[in-house]
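Colleague: Chains as they are written, first to last, in this note's numbering: chain A, 1 to 112; chain B, 113 to 230.
Built from N, CA and C at the ideal position, the CB exists for glycine as well.
First, the structure itself, so that you have it in front of you.
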Amino acid sequence: RKEVEQDPGPFNVPEGATVAFNCTYSNSASQSFFWYRQDCRKEPKLLMSVYSSGNEDGRFTAQLNRASQYISLLIRDSKLSDSATYLCVVNIRDTGRRALTFGSGTRLQVQP
Amino acid sequence: EAQVTQNPRYLITVTGKKLTVTCSQNMNHEYMSWYRQDPGLGLRQIYYSMNVEVTDKGDVPEGYKVSRKEKRNFPLILESPSPNQTSLYFCASTPGLAGGFSNTGELFFGEGSRLTVL
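If you want it as structure tokens, here you go:
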């Protein structure tokens, strides 16, 4: 089982739609969580961190559910420029190895 | 400009011909790491380095070597490349860890190196 799992999509949504992605993680020692965005053939870039109480950054809302071991990303009022792959990222520290573990990503295509 | 620079960006080579992908960062970051990205598998860590002369294996280290002689450079070496090492490679860095990642958890990535081994 993968440590971080995401639905690969693609999610095809019209402009202005609200779309949500979920990501599940298997290691209960996971300590911090992030969403990264990756445009086609480009490097990943940090979109936002995910805090225990949930957090919002403009049209983006991230939430964490530790009991069920999943995080979510909600995008409101989708723009064409939101089309990208969204990577769920988890910081797992129980092995003593300091690394971020990446999900395979969920592809979003916003259509006019 | 703060950045992570990888070279080459694109390379086609043949099985067994040693190659090195260079990575350099100008942000004085202590932590550096190499990832490979393959369809359906996401980003997988190859090797990482917590600081100069300190390196350790990631999830998929077989067939790769690294070195960290200077803080800014972290080259990835393929001694005898094979076709299963055809992939998109990313180098990344982040500030000192002090027991964890920097507050934002932000990794700074290079633009990627697309390697094809025939």
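1) Taking Arg59(A) as the reference, which of Ser104(A), Phe34(A) and Asp82(A) has the closest Cα?
2) Going by the DSSP bridge assignment, what does Met88(B) pair with across the sheet?
3) Gly54(A) CB to nearest chain B CB: under 8 Å?
4) Counting only the same chain and skipping the five closest in sequence on each side, list residues whose C-beta sits under 6 Å from that of Leu46(A).
5) Indicate whether at least one CB of chain B lies closer than 8 Å to the CB of Gly16(A).
6) So what does DSSP say about Gln69(A), is it helix, strand or coil?
7) Quick check: the Cα distance between Tyr70(A) and Ser32(A), rounded to an integer number of angstroms?
8) Can you look up Gly211(B) in the DSSP assignment and give me helix, strand or coil?
9) State buried or exposed for Gly211(B), treating a residue as buried only when at least 16 other CB atoms are found within 10 Å of its CB.
10) Whole angstroms are fine: how far does the CA of Leu190(B) sit from the CA of Ser72(A)?
11) Is DSSP giving Leu108(A) helix, strand or coil here?
12) Give a yes or no on whether 8 Å exceeds the smallest Cβ distance from Ala210(B) to chain A.
13) For a contact defined as C-beta to C-beta under 7 Å, what are the partners of Leu227(B) on chain A?
14) Within the 8 Å Cβ cut-off, does Ser104(A) reach chain B?
15) Starting from Ser225(B), trace the beta strand (DSSP E) both ways and give me its first and last residue.
16) Measure from the alpha carbon of Val89(A) to the alpha carbon of each residue in Ser104(A), Glu56(A) and Ser68(A), then state which is nearest.
17) How many angstroms separate the CA atom of Val116(B) from the CA atom of Val172(B)?
18) Which residues, taken in chain order from the segment 39-68 of chain A, show a beta carbon closer than 8 Å to some beta carbon of chain B?
19) Can you list, in chain order, the residues of the segment 70-86 of chain A whose Cβ is nearer than 7 Å to any Cβ on chain B?
Modeller: For this structure:
1) Asp82(A)
2) For chain B, the structure presents residues 113 to 230; residue 88(B) sits outside this window and is missing.
3) no
4) Tyr36
5) no
6) coil
7) 12 Å
8) At Gly211(B), the pLDDT of 44 sits below 50, so the modelled position is not reliable; the number obtained from the coordinates is stated separately. If DSSP states are grouped into helix, strand and coil, Gly211(B) belongs with coil.
9) At Gly211(B) the pLDDT is 44, less than 50, meaning the model places this residue with poor confidence and gives no usable figure here.
10) 37 Å
11) strand
12) Residue confidence is low: Ala210(B) scores 45 on pLDDT, short of 50, so the model does not pin down where it sits. No coordinate-derived value is stated.
13) Chain A residues near Leu227(B): none, gap ~14 Å exceeds 7 Å.
14) yes
15) Ser225 to Val229
16) Ser104(A)
17) 22 Å
18) Arg41, Lys42, Glu43, Pro44, Lys45, Leu46 and Ser49
19) none
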